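Take a look at the structure below.
Residue numbers (my numbering), protein chains in the order written: chain V, 28 to 170; chain Z, 12 to 167.
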C-alpha cells in the first residue's frame, strides 16, 4: 500500500466509519458523529469543524504537537503524505478528541477500545484493522 | 490507553464551591426551568451575585427559550457546538443560542439525515445559513455557514 494525502486518508476514515455504521445502523452518538464527518468533495465536512479537527489529528501524529482550537489555518498542502498505519493513528486521535469533547459517550468509547492499536501487535479487535485496510484499499483503488 | 487521557469534567460535574456557589445557583436555576417554574428561575437569577453579564444573559435566554417551548441544547454537546472553528459560533452567548434554538421549527425542517438525525437550517438576512442537528429531542450540533449548503448537501 502506498501513502495517502490527508484528503485521501480522510476518505478512508469516512469509509471505515461507514463500515462501522453498517454493522449497527442505529441512530445515536455514533450516528451523529458519522453525520458530522460526512465529506462532500469541494465543500468539506457537514460539520465544517470536523475537517480541521481531522487535520489537527494528522498534524499531531506527524509532529507530536497538539493543535489548539482555532485550526482554520491548517492546510493539507503543508502536510506530509500518510502511511496507512500513520493515518489509522490520526483517525484514532481524531475520534478520541471528539469523544473527550462531548463527555465520553459510551458508544464511541467502546469503539475506541476496540480500535486501540499497538505497533507490531495490531488492533485490540483484529476486525478493526481489517476494516481499515479495506477502507484504504477502496480509496487507493479509486485513484 | 484510557488511563492516559486527561479527565474531561462535564459541565454538571464541575466544582460547585459550596452550597451558595455559582454552579449551585446555576443548577437551581436550571432545575427551576425543568420544573417549569420560570418565575422562581428568574427570581434566583435576579438574586444571584457574581455571574458575568454574559452568563446572566445566557441563563435569562434559557428561561425564555424554555417558556417558548424551544428545543433545548444537550449540555454535554455545548463544548462541541460553541468553538473557535469554521462553521461554529466561537462563544456560547445568548445571541448565538437564540439563533440556533429558533431555527428548530417545523418551517425550517430540512429532513432526516441518513443516520437518523433531524436537520434544520435557515438563511439569515446576511446570507449566512444557520444549521442545526437534533437527536433525541435535544440540540446536538449547530452553527453558521457563511456560504449556505443546499438541501441535498445537508441531507447527504
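Note that CB positions come from ideal geometry on N, CA and C, so glycine has one too. Predicted, not measured: the structure shown is a model, and the values here were computed from it.
Minimum Cβ-Cβ distance from residue i to chain V less than 7 Å
| i | result |
| --- | --- |
| residue 110(Z) | no |
| residue 164(Z) | yes |
| residue 34(Z) | no |
| residue 19(Z) | Residue confidence is low: residue 19(Z) scores 38 on pLDDT, short of 50, so the model does not pin down where it sits. Its coordinate-derived value is still stated next. So yes, residue 19(Z) belongs to the interface. |
| residue 161(Z) | no |
| residue 148(Z) | no |
Minimum Cβ-Cβ distance from residue i to chain Z less than 7 Å
| i | result |
| --- | --- |
| residue 33(V) | no |
| residue 128(V) | yes |
| residue 69(V) | no |
| residue 93(V) | no |
| residue 74(V) | yes |
| residue 49(V) | no |
| residue 145(V) | no |
| residue 30(V) | no |
| residue 54(V) | yes |
| residue 79(V) | yes |
Amino acids of chain V, ordered along the chain, whose beta-carbon sits closer than 7 Å to that of residue i
| i | result |
| --- | --- |
| residue 132(Z) | Neighbours of residue 132(Z) on chain V: none; closest Cβ ~11 Å, over 7 Å. |
| residue 151(Z) | 59 |
Listed by chain order, chain V residues near residue i by CB distance under 9 Å
| i | result |
| --- | --- |
| residue 138(Z) | The contacting residues do not exist; residue 138(Z) stays about 16 Å from chain V at best. |
Best match in the options for proximity to residue i [C-alpha to C-alpha]
| i | options | result |
| --- | --- | --- |
| residue 84(V) | 131(V), 52(V), 67(V), 33(V) | 33(V) |
| residue 61(Z) | 37(Z), 118(Z), 107(Z) | 37(Z) |
| residue 14(V) | 158(Z), 145(Z), 157(Z), 163(Z) | One cannot answer for residue 14(V) here, as it falls past the ends of chain V, which runs 28 to 170. |
| residue 149(V) | 122(V), 168(V), 112(V) | 112(V) |
| residue 138(Z) | 104(Z), 64(Z), 156(Z) | 156(Z) |
| residue 67(Z) | 33(Z), 120(Z), 143(Z) | 33(Z) |
| residue 151(Z) | 61(V), 151(V), 79(V) | 61(V) |
| residue 79(Z) | 125(Z), 35(Z), 166(Z), 116(Z) | 116(Z) |
| residue 101(V) | 110(V), 77(V), 139(V), 48(V) | 77(V) |
| residue 155(V) | 75(V), 47(V), 164(V), 65(V) | 47(V) |
Per-residue contacts from residue i into chain Z (C-beta, under 9 Å)
| i | result |
| --- | --- |
| residue 156(V) | Within 9 Å Cβ-Cβ: nothing; residue 156(V) doesn't reach chain Z, min ~16 Å. |
Under 7 Å by beta carbon: chain Z residues contacting residue i
| i | result |
| --- | --- |
| residue 63(V) | 152 |
Quiz item: What are the start and end residues of each continuous beta strand (DSSP E) run of 3 or more residues lying completely inside the stretch 100 to 145 of chain V, in chain order?
Solution: none
Exercise. Could you tell me which uninterrupted alpha helix (DSSP H) segments, each at least 4 residues in length, are contained entirely in the stretch 93 to 128 of chain Z, listed from first to last along the chain?
Key: 105 to 112
Quiz item: When Cβ atoms are compared, which residues of the stretch 95 to 110 of chain Z fall closer than 7 Å to chain V?
Solution: 95, 96, 97, 98, 99
Quiz item: Which runs of the alpha helix (DSSP H), 4 residues or longer, sit entirely within the stretch 30 to 107 of chain V?
Solution: Runs of the alpha helix (DSSP H) inside the stretch 30 to 107 of chain V: 33 to 50, 56 to 64, 75 to 90.
Quiz item: In chain order, what residues of the stretch 73 to 91 of chain Z put their CB closer than 8 Å to some CB of chain V?
Solution: 87, 88, 90, 91
Quiz item: Could you give the uninterrupted runs of the alpha helix (DSSP H) lying entirely in the stretch 53 to 89 of chain Z, keeping only those of 4 residues or more?
Solution: Within the stretch 53 to 89 of chain Z, the complete alpha helix (DSSP H) runs of at least 4 residues are 64 to 78.
Quiz item: For the stretch 112 to 128 of chain Z, which residues have a beta carbon sitting closer than 8 Å to at least one beta carbon of chain V?
Solution: Listed in sequence order: 124, 125, 126, 127, 128.
Quiz item: At a Cβ cut of 8 Å, what residues of the stretch 89 to 113 of chain V count as close to chain Z, listed as they run along the chain?
Solution: 96, 97, 98, 99
Exercise. Please name the residues in the stretch 43 to 70 of chain Z whose beta-carbon is closer than 9 Å to at least one beta-carbon of chain V, in chain order.
Key: The stretch 43 to 70 of chain Z vs chain V, Cβ under 9 Å: nothing.
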